[in-house]
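These notes are about the structure you will find just below.
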Amino acid sequence: MQMVKTLALSVTLLGYALSAQAADSTSQVIKRQAPQGITASFYACIDKAGSDMAVLGNCINAEKAKQDGRLNATYKALNAKLSGKAKDNLVAAERAWMELQKTSSAFEASLYPDETVADLQIAQSEMFRLCERADVLDKYLAIANDL
Numbered sequence: 148m149q150m151v152k153t154l155a156l157s158v159t160l161l162g163y164a165l166s167a168q169a170a171d172s173t174s175q176v177i178k179r180q181a182p183q184g185i186t187a188s189f190y191a192c193i194d195k196a197g198s199d200m201a202v203l204g205n206c207i208n209a210e211k212a213k214q215d216g217r218l219n220a221t222y223k224a225l226n227a228k229l230s231g232k233a234k235d236n237l238v239a240a241e242r243a244w245m246e247l248q249k250t251s252s253a254f255e256a257s258l259y260p261d262e263t264v265a266d267l268q269i270a271q272s273e274m275f276r277l278c279e280r281a282d283v284l285d286k287y288l289a290i291a292n293d294l
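This note's numbering applies: residue 148 is where the sequence shown begins, and numbers increase by one.
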């Protein structure tokens, strides 16, 4: 009987959580999953886009370009600070990360049967990975600046 009560309570709580989440904007749902470096302009763009898939795609692609630029700038700054083995390790790590990015995108493409959903989900995942990598490189750059 205790198990039935626990299950009922769990189902009730899940129902409340789902109804509360349904009231959230698309940007709020994305923000809960997103890494720290995603820009406020991205979230504003997403809210403005509503359910227009083409506009949502444009929002994601614009943010992806910003994150890629941020990652490249941080990588260059970090690379300029390093020398010897540390520099070689950075280059090797970045090449491995780029291969992982490519492989992860290919894997994700195989998961989604609907092409439009796949394109948006893959682009969002790529954007998140770019942001996460830029965040990591920012941390390394702060360490290198302190040396």
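Backbone N, C-alpha and C fix where the C-beta goes; we use that ideal spot for every residue, glycine too.
Remember, it's a predicted structure, so these values are computed and weren't measured experimentally.
Which residue marks the beginning of the alpha helix (DSSP H) containing residue i, and which one marks its end?
i	result
Y259	Y259 -> no alpha helix (DSSP H), and no H or E assigned at all.
Under a Cβ-count criterion, where at least 16 other Cβ atoms within 10 Å of its own Cβ denotes burial, should residue i be classed as buried or exposed?
i	result
A187	exposed
S166	Per-residue confidence for S166 stands at a pLDDT of 45, beneath the threshold of 50, marking its modelled position as unreliable; the derived number appears in the next sentence. Its Cβ having fewer than 16 others within 10 Å, S166 is exposed.
S198	exposed
Q180	exposed
I290	exposed
F189	buried
R242	exposed
K213	buried
F254	exposed
L203	buried
L225	buried
L294	exposed
S230	exposed
S172	exposed
F275	buried
N292	exposed
S174	buried
If I'm right that residue i touches residue j with Cβ under 8 Å, what's the distance once you round it to whole angstroms?
i	j	result
K211	E262	Actually they are not in contact, since the Cβ atoms of K211 and E262 sit about 18 Å apart, beyond 8 Å.
Q117	Y259	Nothing can be reported for residue 117: it is not among the residues displayed for the chain, which extend from 148 to 294.
T221	L284	4 Å
A281	R217	5 Å
I193	C206	5 Å
P182	E246	Contact doesn't hold; Cβ gap of about 20 Å is too wide.
K195	L288	The Cβ separation is near 33 Å, so there is no contact.
Consider the C-beta atom of residue i and the heavy atoms of the ligand FAD; say whether any pair is separated by less than 6 Å.
i	result
T173	Questions concerning the ligand FAD fall outside what the structure shown contains, since it holds no ligand whatsoever.
Whole runs of the alpha helix (DSSP H) within the region 172–242, excluding any shorter than 4 residues: 173–180, 187–196 and 200–228
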